[in-house]
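So the structure is just underneath, and the comments pick up after that.
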Amino acid sequence: RVEGASFVVDRSPPLLGHVYDSAVFEEISCLNIDQPLEVSLTNCSDQNSTVASVWWGLGTLPMLDGVMAFKPVEGSVSGYATALWSDLTVPTKVGITLFSSIRVRNGAGLETVGSSSGFAVVRRGCNQAAICLPERHPSVAQDGAGVHPMFASLMYGFM
56 RVEGASFVVD RSPPLLGHVY DSAVFEEISC LNIDQPLEVS LTNCSDQNST
106 VASVWWGLGT LPMLDGVMAF KPVEGSVSGY ATALWSDLTV PTKVGITLFS
156 SIRVRNGAGL ETVGSSSGFA VVRRGCNQAA ICLPERHPSV AQDGAGVHPM
206 FASLMYGFM
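Residue 56 is where the sequence shown starts when you use this note's numbering, and the numbers rise one by one after that.
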């Protein structure tokens, strides 16, 4: 028995603010295939335990990592990461839309997954409106939180 000690059971998932497809915390609509892939995230925290790990993946749909498998994001939990096109596990092509997904795990092992609004892969600059303004995918949260409600409630079994 320990006098004066408190014990907190963490049954809440970590928080994740917004996921961006750029390193400067801004939405982008397209990315030149010759530029590095980037992601940034905000407000990644946990009120009861620490954020144990953060992973980044790329997919053709939100919340998935079918194009670049989830990989650890080193450093700050409100920061950014970069990758090269050669890091992709599946080759991609011009015209496809990709979504950055972030998976956050807290000290209790609970997880939250959030995705960006997506970007089109282009061969040249982002000045062709028809190519560079993809429609938002219907399964991406539109309230700015970046976390789809269905996935926010499924916090187990991602590993």
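Quick reminder that beta carbons are idealized off the backbone N, C-alpha and C, glycines included.
The residues D65 and S104, in chain order, have a CB closer than 7 Å to that of A163 in the same chain once the five nearest residues on each side in sequence are set aside. In the three-state reduction of the DSSP assignment, S100 falls in the strand class. Per the DSSP secondary-structure output, P127 pairs in a beta bridge with W110. For S108, same chain residues with a beta-carbon under 7 Å away, outside a window of 5 residues either side, are P127 and R160 in chain order. With respect to the C-alpha of L71, the residue from Q102, E58 and V79 having the closest C-alpha is Q102. By the criterion of a C-beta distance shorter than 6 Å, F154 is surrounded in its chain by G114, P117, S170, S171 and G173, once the five residues flanking it on both sides are discounted.
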